[in-house]
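In my numbering, the protein residues as written are 110 to 553.
For every residue, glycine included, the Cβ atom is placed at its ideal position computed from N, Cα and C.
See below for the structure under consideration.
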Ligand code: HEC
Ligand code: HEC
C-alpha cells in the first residue's frame with residue numbers, strides 16, 4: 110500500500126477524518142497506521158474531539174488568509190496565490206515558463222509552478238518504492254517515488270511552504286518580516302486565538318504557526334481534491350465520454366499506443382480510490398532545455414532534478430540525475446506551461462514530444478549546421494542511461510510515431526475531461542457517447 114503524503118497530519122493524528130474533513134481515502138490509510146508521522150501541531154493534551162475540530166477549522170481559515178496575503182512577501186506584492194492561482198487549479202495563472210518574484214518582482218525562478226491539487230495522495234519520498242496497490246506485487250522496486258516539488262525534496266506541506274517564503278526569487282521574506290506582517294494583518298486576533306496570546310513574542314513561533322496553517326489550508330478537500338471532473342463523473346456512471354474523448358482514453362491506456370497510463374494511472378486503485386493520474390515516480394524523460402530561461406544562458410547550468418541543484422541529499426549520485434516527479438494530469442488542461450522547466454505551452458506539443466522524441470528528435474532538440482541533432486540537450490551525456498526508453502519512447506529515428514496527429518488530438522480531448530468543476534446537469538451532451546459500463550462491455 111502506498112504511504113500517502115498526508116497534509117491532514119494534525120487532525121488525522123488525533124482523530125478520524127470524519128471530524129477533520131480530510132478525505133476518507135487518507136483516513137483509511139491513517140486508520141491502518143500507514144500514514145506518515147504527523148507534523149508538529151499536536152493539539153494541547155486533554156482536548157475533546159470538538160475542540161480539536163474547532164482548532165483545525167480555525168487554522169484552516171487562517172491558512173486561507175495567509176495563502177492570499179501578499180504582505181508576507183519581501184516585496185509586499187507576492188502571495189502564494191499569485192503563482193498558485195485558485196482559478197487555475199492552484200497552478201500558474203499565465204503562460205510564462207516560470208514566474209517572477211523576489212524583492213523587485215523581477216527575479217525568475219527556473220521551474221514551472223505545479224498545481225497544488227491532489228497532493229494529498231503523494232507519498233513521502235523513498236528511493237525504493239514497493240507497491241502492492243497498483244501492480245499487485247510488492248517485490249517489484251518501482252524506484253525513487255514521491256515527495257513534494259518536482260524533485261521530491263520535502264515531505265510535508267509545512268516544510269514546503271518554508272521554501273517559497275524564504276526563497277530570494279520567490280517571496281523573499283524572513284520569519285521576522287512574516288511576524289510583522291501577520292501582527293499588522295486583519296487576522297492578527299484570530300492568529301492569537303488559535304496559537305496563544307504570546308505567539309507574537311517569537312518570530313520562530315509565528316513562522317511555524319504560519320507554515321502549519323498553510324498546510325492545513327492545503328488539505329481542504331473541496332478546494333484541493335474535489336474529484337469533480339467529467340472523467341470522475343464518467344467513472345461514477347453519471348456522464349458519457351464523446352467519441353474523441355473515449356478514443357483518447359483508449360490511446361492513453363493502450364500499451365502499444367500512448368502508454369501514458371503506465372505512469373499517469375487512469376484506473377481506480379484496488380481499494381476503489383479514484384485514479385490520481387500519477388504513480389508519483391521520479392523519472393527522466395529528457396525534456397528539452399528551455400532556452401527562454403535566464404538561468405540557462407549559462408551553458409554549464411543544468412537542472413538535474415533529484416540530484417540537484419535545489420535538492421542536495423542525492424548530489425553526486427548519478428542514478429538520480431535528470432529525474433523529476435511524475436505530475437498528476439488532473440486539471441492539466443487549465444495550464445499553459447508544461448514540464449518542470451515550462452518548455453511547452455500547449456498540450457498537443459507535449460503529447461507530440463512523447464510520441465516523436467525518438468522518431469523525429471530534430472523537432473524538439475537543436476540541430477547543428479551539419480545536421481546533427483543534439484538530443485537530450487538539457488542532460489549531460491553521462492546521465493543518459495537514466496532516460497526512460499519504455500513505450501512510447503521505445504522507437505528509433507524514422508520509425509512510425511506511436512500516435513498520429515488525429516490521435517494526438519483525441520488524447521488531448523481526453524485530458525480535457527480531467528478538469529474539475531464538471532456538472533453533468535449543465536452538459537447538454539452528457540448522455541451522448543459511451544458510458545463506463547458500455548466501455549467495459551466493449552473491452553471485455
Ligand atoms: C514565485 C512563484 C511561487 C510562489 C509565490 C509560491 N510558489 Fe509554491 N511553487 C512554485 C514553484 C516554481 C514550485 C516548484 C518548486 C520546485 O520544484 O523546486 C512550487 C511548489 C510548491 C508546492 C509543491 C507542489 C508539488 O507538486 O509537489 C507546494 C505545496 C507549494 N508550492 C506551496 C506554496 C505555498 C504554500 C506558497 C506560499 C507560502 C507558495 N507555494 C508560493 C512557485 C511559487
Ligand atoms: C515513463 C513515465 C511516463 C509516461 C509513459 C508518460 N509520462 Fe507524462 N510525465 C512523466 C514525467 C516524469 C513528467 C514530468 C517530466 C519533467 O517535467 O521533466 C510528465 C509530465 C507530463 C505532462 C506535463 C504536466 C505538467 O503539469 O507540466 C503531461 C501533459 C504529460 N506528462 C502527459 C503524458 C501523456 C499524454 C503521456 C502518453 C503519451 C505520458 N505523459 C506518458 C512521466 C510519464
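Given a threshold of 16 other Cβ atoms within 10 Å of its Cβ, counted over all protein chains shown, does residue 204 qualify as buried or as exposed?
The residue in question, residue 204, is exposed, as its Cβ has fewer than 16 Cβ neighbours within 10 Å.
Ligand 2 heavy atoms versus the CB of residue 361: any closer than 7 Å?
Yes, Cβ of residue 361 sits closer than 7 Å to a heavy atom of ligand 2.
Alpha carbon to alpha carbon, how far is residue 297 from residue 231?
Whole-angstrom Cα-Cα distance: 32 Å.
Classify residue 407: buried if its beta carbon has 16 or more other beta carbons within 10 angstroms, exposed otherwise.
Exposed, by the Cβ-count rule.
Quick check for students: name the residue ranges of the beta strand (DSSP E) that lie wholly in the segment 384-431, counting only runs of 3 or more.
Within the segment 384-431, no complete beta strand (DSSP E) run reaches 3 residues.
Could you tell me the alpha carbon to alpha carbon distance between residue 330 and residue 225, rounded to whole angstroms?
C-alpha separation (whole angstroms): 12 Å.
Roughly how far, in whole angstroms, is the beta-carbon of residue 172 from the beta-carbon of residue 280, given that I think they are within contact range, below 8 Å?
15 Å between Cβ atoms; not a contact.
When the Cα atoms are used, what is the spatial distance from residue 555 to residue 199?
Because residue 555 is not part of the residues shown, which for the chain are 110 to 553, the question remains open.
Let me know the secondary structure DSSP gives residue 281 once reduced to three states.
Correct three-state label for residue 281: coil.
Between the beta-carbon of residue 369 and the beta-carbon of residue 361, is there less than 8 Å?
Yes, Cβ-Cβ distance for residue 369 and residue 361 is below 8 Å.
With a threshold of 8 Å on Cβ separation, who are the neighbours of residue 346 within its own chain once the five nearest residues in sequence on each side are excluded?
Cβ within range, chain order: 544, 545 and 546.
Consult DSSP for residue 434 and reduce its assignment to one of helix, strand or coil.
Reduced to three states, the DSSP call for residue 434 is strand.
Apply the 10 Å Cβ neighbour rule to residue 135 and answer buried if 16 or more other Cβ atoms are within range, or exposed otherwise.
With a pLDDT of 38 at residue 135, under the threshold of 50, the modelled position of that residue is not reliable, and no figure is offered here.
Please report the residue range of the alpha helix (DSSP H) in which residue 370 lies.
Element bounds for residue 370: n/a, residue is neither H nor E.
Considering only the alpha carbon of each residue, which of 269, 288, 304 and 319 lies closest to residue 174?
Closest by alpha carbon: 319.
Between which two residues does the alpha helix (DSSP H) harbouring residue 481 extend?
Careful: residue 481 lies outside any alpha helix (DSSP H) and carries neither H nor E.
Does the beta-carbon distance from residue 288 to residue 529 come in below 8 Å?
No, the pair does not count as a contact, with Cβ atoms beyond the cut-off.
Please determine, among 352, 388 and 162, the residue with the shortest C-alpha to C-alpha distance to residue 522.
Ranking 352, 388 and 162 by Cα distance to residue 522 puts 352 first.
Across which residues does DSSP place residue 217 in a beta bridge pair?
Its beta-bridge partners are 209.
Can residue 444 be considered in contact with ligand 2, in the sense that its beta carbon sits closer than 7 Å to one or more heavy atoms?
Within the cutoff, so yes.
Hey, residue 487 and residue 397 are a contact pair by Cβ (cut 8 Å); roughly how many whole angstroms apart?
So it is a contact: roughly 6 Å between Cβ atoms.
Among 449, 359, 382 and 384, which has the Cα closest to the Cα of residue 516?
Nearest option by C-alpha distance: 359.
So, at 8 Å on beta carbons, what are the nonlocal neighbours of residue 509 in its own chain, with the 5 sequence-adjacent residues on each side left out?
Once the five neighbours on either side are set aside, the close Cβ partners of residue 509 are 468.
Where does residue 560 sit, in a helix, a strand or coil, going by DSSP?
Nothing about residue 560 can be read from this structure; the chain reaches only from 110 to 553.
Under 7 Å Cβ to Cβ from residue 401, same chain only, skipping five residues before and after it: list those, please.
Same-chain partners within the cutoff: 206.
Rounded to whole angstroms, what's the CA-CA distance from residue 264 to residue 379? Just pull it up for me.
Answer to the nearest angstrom: the Cα atoms are 24 Å apart.
Under 8 Å between the Cβ atoms of residue 252 and residue 237?
In this structure, residue 237 lies closer than 8 Å to residue 252 by Cβ.
Counting along the chain, where does the alpha helix (DSSP H) carrying residue 522 start and finish?
Where residue 522 is concerned, the enclosing alpha helix (DSSP H) stretches over 514-524.
Check residue 223 in the structure and name its three-state DSSP category.
In this structure, residue 223 counts as coil in the three-state DSSP scheme.
Which residues share a DSSP beta bridge with residue 239?
According to DSSP, residue 239 bridges with 250.
Does the count of Cβ pairs from the segment 431-448 and the segment 380-396 closer than 8 Å reach three?
Verdict: yes, contact present.
Answer yes or no: the CB of residue 252 versus the heavy atoms of ligand 2, is any distance below 7 Å?
No - ligand 2 has no heavy atom lying nearer than 7 Å to the Cβ of residue 252.
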